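I have placed the structure first, in the form of structure tokens, so that the comments after it can refer back to it.
There are 2 protein chains.
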Amino acid sequence: MKLTRLSDIRRKELRQAAFAVLQREGIAGATIEKVAAQAGASKGIVLHYFRDKRELFEHAMRESNLVLRDAVVARLKGAHTPMERLDAVIDGNFEPHFFQPSLCHAWLSLCAEVPRDEKLKRIQRVIHSRMRSNLLSGLRGLVVEADANDIAFGITTLIDGLWLRLGLQPGSVSRDYALRQVKDYVAARLASAELPPATRPASVGA
Amino acid sequence: MKLTRLSDIRRKELRQAAFAVLQREGIAGATIEKVAAQAGASKGIVLHYFRDKRELFEHAMRESNLVLRDAVVARLKGAHTPMERLDAVIDGNFEPHFFQPSLCHAWLSLCAEVPRDEKLKRIQRVIHSRMRSNLLSGLRGLVVEADANDIAFGITTLIDGLWLRLGLQPGSVSRDYALRQVKDYVAARLASAELPPATRPASVGA
DNA sequence: CTGATTATTGTCCCACTGGTCAATTGTTGA
DNA sequence: TCAACAATTGACCAGTGGGACAATAATCAG
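In structure tokens form, the structure reads like this:
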């Protein structure tokens with residue numbers, strides 16, 4: 030029953046190596062051998078730990094997803110008001126550590142395969158729905174349900190778009206500018222939305 | 030000097046075939062042979078018209094770009110007020126003909142290669158800067174320059190994000206919903222922006 | 001008509017890829 | 001100590017991909 034520790038470690042190394050290769054080479058240029066080289070191992074070992082190429086890159090996507098999740102969760106710890114929760118999610122998505130072109134390139138390559146890989150599709154759905162639910166946990170305290178849904182969708186979409194832009198034209202979107210775009214969006218939409226039914230305005234600024 | 034007609038026709042056929050293959054197979058699965066098959070020709074002919082694989086897919090991206098450009102230009106013809114111009118650009122980007130998952134999949138695959146292909150990068154830049162300039166031609170009549178720039182960037186980003194979402198979860202974003210998201214965004218940001226310096230408010234609604 | 005140019009095909013080659021497998025080398029627990 | 005087992009390697013294979021090329025067909029200019 031006890032899982033071999035070494036096994037877990039290798040698998041993690043290989044997932045990360047796979048992701049690194051994805052950054053450099055894109056999905057079209059990513060090969061098992063390159064992943065092995067990146068991890069300083071032999072090709073055989075990669076297929077010892079992962080059934081095939083697909084599984085390897087599916088785990089690579091899970092891996093990158095974890096980083097994002099952790100960043101958001103960490104920031105969510107100290108957030109108490111709805112607005113703080115909202116900002117936590119947004120800020121977490123632009124963590125300097127990983128709001129970077131190379132990481133974005135890998136992410137893009139994975140996204141490009143989503144339509145042809147059911148597992149990747151599922152991972153994507155999970156990521157998106159978690160982000161949405163995190164945003165809603167803040168938004169519900171600020172506006173009525175219908176608006177909250179729309180604004181949450183808008184925020185995720187805007188964030189996706191900013192990431193995409195970072196991948197396509199790295200110079201054209203700094204972390205600060207990206208953050209400001211999202212915050213301006215939130216401000217503008219909150220200003221023209223209905224207040225929530227059960228909450229008093231005072232709590233918003235608290 | 031006169032370019033062979035036939036040559037132009039073949040090249041166009043092959044560009045389109047390449048794009049079709051990209052929709053089905055993604056960049057990782059797209060091969061010259063499949064493109065040839067798609068066009069009902071032999072592999073040799075593809076490399077007769079295009080220096081290599083890269084060039085072929087660069088032209089495929091140009092091709093897809095044309096479709097978008099034409100859609101926007103057509104709608105822009107009849108637009109006279111700033112607001113009409115703005116809507117023309119936005120509507121054009123969600124033309125039912127091509128706001129579709131399969132097309133989006135191909136587009137995504139091309140985007141994923143942008144970081145590793147200087148030509149693709151240039152095409153991307155052109156597309157983006159044209160969209161931006163089209164948006165600005167409307168926005169400048171509605172808000173001050175600084176706001177116009179930010180809002181234009183926000184709109185392009187939002188549109189990119191909506192396309193991306195269409196690719197990742199086709200069911201989750203209908204054309205109508207996408208349009209509403211963008212329109213709501215514009216409305217909210219216009220409401221909280223400064224009016225333009227040289228234009229009288231009356232002209233806005235004219 | 002004819003010579004030159006262009007279009008098109010099919011073949012060939014070589015590098016590489018994903019994946020299998022047998023063999024080797026630790027590692028460990030009794 | 002030794003047997004069982006996990007980790008790791010390197011060789012191997014069949015299939016495929018990109019691209020070069022020579023040969024053939026079609027087109028066209030004069």
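Which chain is which? The protein sequence lines are W and Y, in order.
Its first residue numbered 30, the first sequence is counted upward by one per residue in the working numbering.
Its first residue numbered 30, the second sequence is counted upward by one per residue in the working numbering.
All C-beta atoms, glycine included, are put in the ideal place defined by N, C-alpha and C.
Predicted, not measured: the structure shown is a model, and the values here were computed from it.
Residue i to residue j span [Cα, whole Å]
i, j, result
"Glu-206 of chain Y", "Lys-212 of chain Y", "Sequence inspection shows Tyr at residue 206 of chain Y; the Glu mentioned does not correspond to that position. Each residue's Cα considered, the two are about 10 Å apart."
"Gly-200 of chain W", "Leu-165 of chain W", "31 Å"
"Thr-110 of chain W", "Thr-185 of chain Y", "31 Å"
"Ala-181 of chain W", "Leu-168 of chain W", "8 Å"
"Arg-154 of chain W", "Pro-144 of chain W", "12 Å"
"Ala-216 of chain Y", "Ala-89 of chain W", "40 Å"
"Ala-222 of chain W", "Phe-48 of chain W", "41 Å"
"Tyr-214 of chain W", "Asp-116 of chain W", "12 Å"
"Glu-54 of chain W", "Lys-106 of chain Y", "42 Å"
"Gln-210 of chain Y", "Met-112 of chain W", "22 Å"
"Asp-37 of chain W", "Ala-46 of chain W", "14 Å"
"Ala-175 of chain Y", "Gly-69 of chain W", "51 Å"
"Arg-114 of chain W", "Lys-72 of chain Y", "56 Å"
"His-50 of chain W", "Gln-67 of chain W", "Residue 50 of chain W is actually Val in this sequence, not His. Each residue's Cα considered, the two are about 7 Å apart."
"Glu-87 of chain W", "His-134 of chain W", "16 Å"
"Ile-156 of chain Y", "Arg-204 of chain W", "23 Å"
"Leu-35 of chain W", "Phe-128 of chain W", "31 Å"
"Ala-220 of chain W", "Ala-220 of chain Y", "9 Å"
"Leu-85 of chain Y", "Leu-85 of chain W", "30 Å"
"Val-102 of chain W", "Val-102 of chain Y", "45 Å"
Under 8 Å between C-beta atoms of residue i and residue j
i, j, result
"Arg-194 of chain Y", "Asp-146 of chain W", "no"
"Leu-43 of chain W", "Val-75 of chain W", "yes"
"Phe-123 of chain Y", "Leu-208 of chain Y", "yes"
"Leu-149 of chain W", "Leu-139 of chain W", "yes"
"Glu-142 of chain W", "Ala-57 of chain Y", "yes"
"Val-202 of chain W", "Asn-163 of chain W", "no"
"Ala-108 of chain W", "Gly-121 of chain W", "no"
"Arg-40 of chain Y", "Tyr-78 of chain Y", "yes"
"Gly-183 of chain W", "Pro-225 of chain W", "no"
Identity of the residue in the options nearest residue i by Cα
i, options, result
"Asn-94 of chain W", "W:Val-173, W:Glu-174 and W:Trp-136", "W:Trp-136"
"Val-173 of chain Y", "Y:Lys-63, Y:Arg-218, Y:Leu-85 and Y:Ala-68", "Y:Arg-218"
"Arg-83 of chain W", "W:Asp-99, W:Val-101, W:Gly-69 and W:Val-64", "W:Val-64"
"Gln-52 of chain W", "W:Leu-105, W:Pro-130, W:Asp-81 and W:Ala-175", "W:Pro-130"
"Asn-178 of chain W", "W:Trp-192, W:His-77 and W:Ser-158", "W:Ser-158"
"Pro-125 of chain W", "W:Val-50, W:Trp-192 and W:Asp-37", "W:Trp-192"
"Arg-151 of chain W", "W:Glu-113, W:Arg-91 and W:Gly-183", "W:Arg-91"
"Asp-81 of chain W", "W:Gly-69, W:Asp-120 and W:Glu-62", "W:Glu-62"
"Leu-187 of chain Y", "Y:Arg-161, Y:Ala-175 and Y:Leu-171", "Y:Arg-161"
Output, in sequence order along the chain, the residues in the stretch 45-60 of chain Y whose CB is closer than 7 Å to any CB in chain W. Gly-55, Ile-56 and Ala-57
What are the residues in the stretch 153-183 of chain W lying within 8 Å of chain Y by C-beta distance? Gln-153, Arg-154, His-157, Asp-179, Phe-182 and Gly-183
Residues in the stretch 133-151 of chain W having any Cβ partner in chain Y nearer than 7 Å: His-134, Leu-137, Ser-138, Cys-140, Ala-141, Glu-142, Val-143, Pro-144 and Arg-145
Using Cβ-Cβ distances below 7 Å, what residues of the stretch 76-96 of chain Y are close to chain W? none
Under 8 Å (Cβ pairs) to chain W, residues found in the stretch 105-126 of chain Y: none
Between the stretch 215-227 of chain Y and chain W, which residues of the former have a C-beta closer than 9 Å to a C-beta of the latter? Ala-216, Ala-217, Arg-218, Leu-219, Ala-220, Ser-221 and Ala-222
When you check each C-beta in the stretch 184-211 of chain W against every C-beta of chain Y, which residues fall closer than 7 Å? Thr-186, Leu-187, Asp-189, Gly-190, Leu-191, Leu-193, Arg-194, Gly-196, Leu-197, Gln-198 and Gln-210
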